[in-house]
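Under full-length UniProt numbering, the first residue of the sequence shown carries the number 1, and numbering increases by one thereafter.
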Amino acid sequence: MIYQIKQADHLNQTVLLPSSFSHVTIESISFGKRKIACRSILHHEDSQSIYISKDIAESLLLPKNIRIKALVHSETLFLGPVVGIFTAGFYKSLLRPLGDRSIFFSKLVVNGCSTGAFCFVFGIHQIHWDLEMIEGYTFNESGWVKITVPFPNVIYDRLPNRKVENSDYFQSAKKNLFMRSIPLFNSGFFNKWDVHHILSKDETVRHYLPETYHAPSIKTIEQLINRFQMIYLKPENGSLGLGIFKLVKNRKNGSILCCYYDENGKGQLKLSSSIEGFLQRFFTQRSLDQYIAQQGISLLQSNGNPVDFRVHTNKNENGIWLVSAIAAKLAGKGNPTTHVKNGGTIKSLHELSLPLNKEDIYRSLSTAALSISKAIDRKMDGEIGEIGFDFGIDNNGNIWLFEANSKPGRSIFMHKDLQQEDRLTLRFPFQYAEYLMKKTISTEEIYDAP
């Protein structure tokens, strides 16, 4: 249940609770990683308010007038989860503290708080290790607000890119937070080859994988394109379609048509006489050691446009994987991928004109996404609460996994028919945070408030 937290100015070291708490004993109260002793008494004003004396609120760094869930464990009243959204790229402007990303993070905070969590955004420079508190930002009806709060119960990793993620500074911060027994989920970006390697060893999902090779030799690339006539070369740590090459072999003369994005994100077509000629043209300053070569799939088409599918999965408040969104992406003309930034178009499934039954497609994609989510979760280190998948379907109805993303983009939610899914996928991470808090609450260290 979500409670309105109110301040009781006339009392000291006291928490006033609704009569629904009459069956429990409470000796202390916790907010985030802080805890303080208290006495508790019942009130009969209403069933949805908890009154906290000013001295306790100040010791806990408890923001005023918040709505939050509460649970009791070992005679402690836990207000939470308190969820810190960890990111980078802050500006000095309170109006837009995260620049162009401020709108997204405001939606994330508002939707997170609607689940009964208390949510805030913070960066590495806002952590006060010695005082065990964070100066972050939350968002309410007045806009962005600066706040000082204790270390959170759970951290949601929304670092923006691999460069930031892999810096020594951020890796050290994550290690320090982990050492304080704070669960951190969706930490890091998936490596394409690591994901493929893990799934290829799992007999329940390996049939979804296109034939793929890491650090391919020229001979491997030639053999692959001779077998399939179309292949992809992808950077193992790439994103947004950057650095991807789609290669198509002409059956008659053996020439190689290359489709790729230039530095401006514009689709380009270039012809080479051979694979060797292609590599000499495009890989003088690139290394195949950091690429994968992958079997190309002849995709289903809708009105003549190749289509693939984005599927989002999330864990809920019980730690169970669910499919939270499915949408189609149509490739722009002459483009190697369906990325919206580079000319792709978002469609809901019912808007497509396909030779296969759409309900069957939905069920098949859902089954694949849930099976692969569970397989990744079993084998990868750390907590994972959401995954975005890119799937293809061939003309025989076979499902193919192209990519799994631990920090999936949200371009599909621009579509008017996906507004409900947009809200769901913004809320699920905080429901999962509640699950993580409950899972660790009996063993985690809660700091006594000063």
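We treat Cβ as the ideally placed atom computed from N, Cα and C, and that holds for glycine.
Per DSSP, Val-15 is one residue of the beta strand (DSSP E) stretching across 14-17.
Distance from Ile-361 to Ser-373 at the Cβ level is roughly 18 angstroms; contact not present, criterion being Cβ atoms closer than 8 angstroms. Nearest C-alpha to Phe-391 among Pro-210, Thr-138 and Arg-96: Pro-210. Counting only the Cα atoms, Ser-106 lies some 29 angstroms from Asn-264.
A Cβ-Cβ separation of about 5 angstroms places Ile-134 in contact with Phe-122 under the 8 angstroms criterion. Rounded to whole angstroms, the separation of the alpha carbons of Leu-60 and Arg-34 is 6 angstroms. Judged by DSSP secondary structure, Gln-285 falls outside any beta strand (DSSP E); it is assigned neither H nor E. 8 angstroms or more divides the Cβ of Leu-279 from the Cβ of Pro-216. Taking C-beta atoms as the reference points, Pro-63 and Asn-153 fail to come closer than 8 angstroms.
Boundaries of the alpha helix (DSSP H) around Val-109: 102-114.
By the C-beta criterion, the region 143-163 is judged to be in contact with the region 84-93, since at least 3 inter-stretch pairs fall below 8 angstroms. Within the region 109-159, the runs of beta strand (DSSP E) at least 3 residues long that lie entirely inside it are, in chain order, 118-122, 133-140, 143-150 and 154-157. Closest option to Gln-4, judged by alpha-carbon separation, among Arg-67, Lys-234, Tyr-432 and Ser-348: Arg-67. Residue environment analysis places Lys-92 among the exposed positions, since fewer than 16 neighbouring C-beta atoms fall within 10 angstroms of its C-beta. Between the region 289-304 and the region 407-421 there are fewer than three inter-stretch CB-CB distances shorter than 8 angstroms, so the stretches are not counted as touching. In the structure shown, Lys-246 adopts extended strand secondary structure according to DSSP, grouped into three states. Fewer than three Cβ pairs drawn from the region 263-277 and the region 350-370 lie within less than 8 angstroms of each other, which leaves the two stretches out of contact. C-alpha of Ile-346 to C-alpha of Met-414: approximately 8 angstroms in a straight line.
Per DSSP, reduced to three states, the secondary structure at Thr-87 is coil, with no helix or strand assignment. DSSP, read as helix, strand or coil, puts Asp-46 in coil. A direct Cα-to-Cα measurement between Tyr-51 and Asn-65 gives close to 10 angstroms.
Inclusion of Phe-170 and Ile-124 in the CB contact set at 8 angstroms is warranted, their separation being smaller than that value. Selection Ile-376, Leu-354, Arg-427 and Ser-22 evaluated against Asn-395 yields Leu-354 as nearest (Cα-Cα).
In this structure Leu-257 does not touch Phe-245 by the C-beta definition: roughly 11 angstroms separates them, more than the 8 angstroms allowed. Apart from sequence neighbours up to five positions away, the residues of its chain that approach Pro-18 with a beta-carbon distance below 6 angstroms are Ser-47, ordered along the chain. Counting every other CB atom within 10 Å of its CB across the protein chains shown gives Gly-385 a total of 16 or more, marking it as buried.
Leaving aside the five residues that flank Met-1 on each side, none in its chain has a CB nearer than 6 angstroms to its CB. Within the same chain, Cβ atoms closer than 6 angstroms to the Cβ of Glu-27 are found at Glu-75, the five residues on either side in sequence being excluded.
Going by DSSP, Asp-360 is part of the alpha helix (DSSP H) stretching over 358-379. Taking all protein chains shown into account, Glu-141 has fewer than 16 neighbouring C-beta atoms within 10 Å of its C-beta and is therefore exposed.
Taking the Cβ atoms as the reference, Tyr-432 lies roughly 7 angstroms from Asn-316, within the contact range of under 8 angstroms.
One Cα belongs to Pro-183, the other to Leu-436, and the distance between them is close to 7 angstroms. Arg-427 is positioned such that its CB atom lies closer than 8 angstroms to that of Asn-111. Secondary structure of Met-230 (DSSP, three-state): strand. With contacts defined by Cβ atoms closer than 8 angstroms, Lys-407 and Asn-253 do not form a contacting pair.
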